[in-house]
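Asker: Below: one structure in structure tokens.
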Amino acid sequence: MAKYIFLLAFTCLSQVVRADSEEKNDALMLGRVFNYISTVDTAELNDAISYSYVKSKFEVERRNIALLPVPSMYRVAHGPRRKYITESYYRVIHHNMENVETKRMVFLSTIPHHGSALPTIGKFLRPTIYSETIIEDYILSPFCQTNKRFYKYNVIFLPQHKVNIYFQPRIENTQLVKGSVVVDSLSGRIISGYMDGEYDMISFHLTLKMGDEGARSLFPVSCDLKAEFDFIGNKIAARYSAYFGLEKTIDDYVDEVEDLRLMSRLRTKELRPEEIEVYKEFYGDSTQLNIKETKRERSWVKRVFWDTIGEHLLQKTTGYYGTNDQGYIRVNPLFNPLYMGYSKRKGFYYKFDIRTTFSFSENSFVFARFKAGYSFKQKQFYYQIPFEYHYNRKKHGYIELFVGNGNWIKNAAAREGALANLTEKEGLNIERMEFFKDFQLKLLNNYDISDRFSFQVGLIAHHRDAVERYAYKKAGMPVSYRSVAPMLEVSLRPIGWRGPVLNLDWERSIRGFMNADIAYERWEADLQYILRVHRLRNLSFRGGVGLYTFIDGSNYFLDYTNFKDNNIPGGWNDDWTGEFELLSSDQYNLSRYYVRSNITYECPLLFLSWMPLAGHFIEKERLYGSTLIVPHLHPYTEFGYGFTTRWVSIAIFSAFRNGKYNGFGAKIGLELFRQW
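Listed below in structure tokens is the structure:
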């Protein structure tokens, strides 16, 4: 009996020792993979030039009217065909690991008007699997040490110094992938592999083969991608093949040429029979060097309404102009459901955006933007027009002329003053009486003395008109107020551009100067810092103080620079941090001083991400905390939680006034196709 007990104990101990040894070997192997990037000298990439070839095939399995406003899909949505193919040949310059410049030299496309579709899928063809994120700033890589806690690994040792590593996420989330890679066990270099995932309504299966040595081993030399786009009943299947690190074959001056013969020379792999059929259906038997699309004659109604009007209404328009294409213009869709929204105060609103740049030289250019929106409830057209002439790009030297209108500033004190003078209030919209429209004009010059010191000097003017002009005329009070102020702003960056920024602002409005009827002197200090804990985990801090050292006469429109109402918001990263969401603007604008602080923590997988089903779609989460001290609030605080998905961003907030609960609110922003 003792013999059997000894044998059993020895066997169990051996299994434990073996399991412990295997676990250590697995950990050592994973550590070798995580550390591989640190063993590679990336200097050889600096300004290295190579070439690449990309082929894509699209098949429209289902489509309906909802496909029309999807970016880049308008031509596919109403085109006569269901199958399309594109081929591209690029010149690639690696300035460094993160800065890659590409130039498309040859391009074939059977999409109408020589177009392209689903450009966001192309990002998956150049994965950075050793970085924290695989594609730009999304999808956490299983081969980065900081993401290890999100994945489970199974390591299988193979002959000839090879290892197979299977990985899968610990939770089902759109920021995580599953798959397998083959690794060189001696160095930790990934040789090949595949990964499956889903992000932004695109499910994908990516197969890749990595480079053999040096810095090129950090990037794939070939990729095959199968992807599927599924949106409100629309289903598009796409298949990509890409080859990188190719040798020079044609002269570098070639630019956007459409040439079948030339592409046949550059093509890395022969076309499949079904791909040849797509080309034959589109081009026919043409063998010209420069191909022009052969298409059946369409009626003028279809040409005008579908091709001209429809495309510009529903799709983003971009283009270059100038003798050497030194100008660039971008026009967002003029009519697109994705650019509409609703809020309680503004009702239904619509917005659009146009921007352009024109370069005079490497060091000088002009930039202009027309950003506008219309509130149907307020019956107000908003616009912001910044025009900038950059005369020294290296020093951020530029002159800016900014014109904006319509910003409704709230002022209960002006309303109460008018009501006190009125004996008859019937027929007045008392709620709207506290709002004034603000027309703003600003002219300034910006210049960076160094990486640590910048300044702005200029002039800023406000002209504020009462929304309910009749009520103020009846009360015998002014219906408009004007301020004109010289301004100076100094920015200090103690450790450079990646560190905290301290802004010091000064304004002095002079009564009578350019017909100004408000006189004041205002000082503000604002400290902002984003601590990037990791690439997708950020801690944002903002703190500041402000005070008026001089007020002469009417104080109805004391307006602090660091508290603004953004009437044309634009998503998760547009003024969602450092703001007071539930606090009325007149609570601080009429205060002689304020002290504020805001802190936000952003993380891709925090709370909701770990929940079954719903957690799969959560991309990022945020925690908010804000505090404000003004003469009548000691203090005012807000706490909030927010998350973003492929469709919308949602945040909820609770407010406390002088230590007592003061209300609850929510904020919603549209995110659909924002990254497209």
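Taking my numbering, I'd label the letters of the sequence shown as residues 9 to 684.
Idealized CB from N, CA, C, for every residue including glycine.
For clarity, every value in this text was computed on a predicted model and none was experimentally measured.
1. Where does residue 34 fall in DSSP's three states?
2. Around the Cβ of residue 308, are there at least 16 other Cβ atoms within 10 angstroms (buried) or fewer (exposed)?
3. Ignore the nearest five residues each way along the sequence and tell me which others in residue 440's own chain have a CB closer than 7 Å to its CB.
4. Classify residue 256: buried if its beta carbon has 16 or more other beta carbons within 10 angstroms, exposed otherwise.
5. Take the Cβ of residue 667 as the centre, count every other Cβ of all protein chains shown within 10 Å, and call the residue buried at 16 or more, exposed below.
6. Check each candidate in 145, 508, 177, 51 and name the one with the smallest Cα separation from residue 160.
7. If you draw a straight line from the C-alpha of residue 377 to the C-alpha of residue 181, how long is it?
8. Kindly indicate the opening and closing residues of the beta strand (DSSP E) around residue 376.
9. Closest to residue 229 by CA distance: which of 198, 208, 329 is it?
10. Between residue 629 and residue 614, how many whole angstroms is the CB-CB distance? I'm expecting something under 8 Å.
11. Quick check: the Cα distance between residue 79 and residue 126, rounded to an integer number of angstroms?
12. Please check the pair residue 411 and residue 393, which I expect to be a contact at CB under 8 Å, by giving their CB distance rounded to whole angstroms.
13. Nearest to residue 674 by CA position, among 647, 438, 183, 655, is which residue?
14. With DSSP as the reference, label residue 620 as helix, strand or coil.
15. Kindly indicate which residue of 196, 253, 212 has the alpha-carbon position closest to the one of residue 219.
16. Counting C-beta neighbours from all protein chains within 10 Å, is the total for residue 600 16 or more, i.e. buried, or is it exposed?
17. Between which residues of its own chain and residue 552 is the CB-CB distance below 7 Å, once the five residues before and five after are set aside?
18. In whole angstroms, what separates the C-alpha of residue 567 from that of residue 659?
19. Just checking my contact of residue 94 with residue 287 at CB under 8 Å: how many whole Å lie between their CB atoms?
20. Measuring only between beta-carbons, confirm whether residue 53 sits less than 8 Å from chain C.
21. Pull up the distance between the alpha-carbon of residue 67 and that of residue 445, whole angstroms please.
22. Could you give the DSSP three-state label for residue 284: helix, strand or coil?
23. Could you tell me which uninterrupted beta strand (DSSP E) segments, each at least 3 residues in length, are contained entirely in the stretch 411-498, listed from first to last along the chain?
24. As a quick exercise: from 380, 424, 656, 497, pick the residue whose alpha carbon is nearest that of residue 415.
25. Mark residue 368 as exposed unless 16 or more other C-beta atoms lie within 10 angstroms of its C-beta, in which case mark it buried.
26. To which residues of the same chain is residue 549 closer than 6 Å at the C-beta, ignoring the five residues directly before and after it?
27. Roughly how many angstroms separate the alpha carbons of residue 360 and residue 146, rounded to a whole number?
28. Which whole-angstrom value is the C-beta distance of residue 489 and residue 565, which I expect to be below 8 Å?
29. Answer yes if the stretch 72-90 comes into contact with the stretch 109-116, meaning at least three C-beta pairs across the two stretches below 8 Å, and no otherwise.
30. Leaving aside the five residues before and after residue 669 along the sequence, list all residues of the same chain whose C-beta is less than 8 Å from its C-beta, in chain order.
31. Would the stretch 237-249 count as touching the stretch 155-175 if we require 3 or more Cβ pairs under 8 Å?
Answerer: On the basis of the data shown:
1. helix
2. Summary for residue 308: the model assigns pLDDT 44, below 50, so the residue's position carries little reliability, and this model does not support an answer.
3. Excluding residues within five positions, the ones whose Cβ falls inside 7 Å are 475, 476.
4. Residue 256 is exposed by the Cβ-count criterion.
5. exposed
6. 177
7. 37 Å
8. 372-383
9. 198
10. Your pair residue 629 and residue 614 checks out as a contact, with CB atoms roughly 4 Å apart and the cut at 8 Å.
11. 8 Å
12. 5 Å
13. The option with the nearest alpha carbon to residue 674 is 647.
14. coil
15. The residue with the shortest Cα to Cα distance from residue 219 is 253.
16. exposed
17. 532, 533, 534, 535, 570, 604
18. 27 Å
19. The pair is not a contact, with the Cβ atoms about 11 Å apart (cut-off 8 Å).
20. The structure shown has no chain C; it contains just one protein chain.
21. 51 Å
22. helix
23. 443-458, 461-474
24. Answer by Cα proximity: 380.
25. exposed
26. 537, 607
27. Whole-angstrom Cα-Cα distance: 27 Å.
28. The pair is a contact, with the Cβ atoms about 5 Å apart (cut-off 8 Å).
29. no
30. 662, 663
31. Because the criterion of three Cβ pairs below 8 Å is not met, the stretch 237-249 and the stretch 155-175 do not touch.
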